[in-house]
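**Student:** Sending over a structure as structure tokens; questions will come in a sec.
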Amino acid sequence: MANRSSIPADEQLMAQLWTRFRADDEKAFDQLVEARYRVLFNYATRFTKDRDLIKDCVQDLFLELWNRRKAIVDTPYVTIYLIKALRNNLFRKLRRERGWALALEESASLDGQSVDELTAEASWVAEETQISTEQNLRQAVAQLPKRQQEVVFLKFYEGLSNDDIAQVMEVEKQTVANFLYRAMTQLRDSLPIRIFS
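Residues -1 to 195 in my numbering are what the sequence shown spells out, letter by letter.
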């Protein structure tokens, strides 16, 4: 995990709001909700298109946080905490209300390829989301298994590190690297424009 000096300024503000909210500051809580509602909503759309269910889950999460504010731990990583809590709540509701369960994939080796070797591919995904092939990329990502979609979303759309993604998904860092490798391999093979050699 990164040390406090490497936490983005926005996350430092979130940590300040979090501390104030835990001390019964309603304005800080409102700011926290406003600052992270859209991120949480967008994250949840990776698992379901039921917008009403997503709204309910996000609202339930914030209501639960307010009701339990005295017992909640302090954290400098508020966004990760919120994403992880929403993910757990959403999966519980999906399982209970729809009988839906997320398939767990087994960890596999990277066949000798290190995470550093994926940097060019990661840069490509970030660039492609900003140019005309964005639609093709989104369609290709939608074809990935759910766990790989989640990793791609957290890595490239939310900018989380592998350590942070591992915390959110409650898996080992190596598992995150494996998901990324598999996702990048499938994207490379399925996209109509050949970027990779």
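All residues carry an ideal CB built from backbone N, CA and C; glycine is no exception.
Secondary structure at Leu92, three-state DSSP: helix, strand or coil?
**Tutor:** helix
**Student:** Please list, in chain order, all residues of the same chain as Ser188 whose beta carbon is under 8 Å from its beta carbon, the five residues on each side excluded.
**Tutor:** Ala138 and Gln141
**Student:** Can you tell me which of the three DSSP states Ala69 falls into?
**Tutor:** If DSSP states are grouped into helix, strand and coil, Ala69 belongs with coil.
**Student:** Less than 8 Å between the C-beta atoms of Leu59 and Leu92, yes or no?
**Tutor:** Not closer than 8 Å, so no.
**Student:** Can you name the start and end residues of the alpha helix (DSSP H) that Phe177 belongs to?
**Tutor:** Lys171 to Ser188
**Student:** Near Glu115, which residues of its chain fall below 6 Å by C-beta distance, leaving aside the five closest residues on each side in sequence?
**Tutor:** Only weak support is given to the placement of Glu115: the predicted model assigns it a pLDDT of 38, under 50, and the value that follows is read from those uncertain coordinates. Around Glu115: no qualifying Cβ.
**Student:** I need the DSSP call for Lys53, collapsed to helix, strand or coil.
**Tutor:** helix
**Student:** If you draw a straight line from the alpha carbon of Arg180 to that of Lys82, how long is it in whole angstroms?
**Tutor:** 23 Å
**Student:** Where does Glu126 sit, in a helix, a strand or coil, going by DSSP?
**Tutor:** Any reading at Glu126 must be qualified, since the residue scores a pLDDT of 40, below 50, and its modelled position is unreliable; the value itself is stated next. In this structure, Glu126 counts as helix in the three-state DSSP scheme.
**Student:** State the Cα-Cα distance for the pair Phe27 and Trp64, rounded to the nearest angstrom.
**Tutor:** Each residue's alpha carbon lies about 8 Å from the other.
**Student:** Which ranges would you report for the beta strand (DSSP E) in the stretch 138 to 163 if only whole runs of at least 3 residues count?
**Tutor:** none
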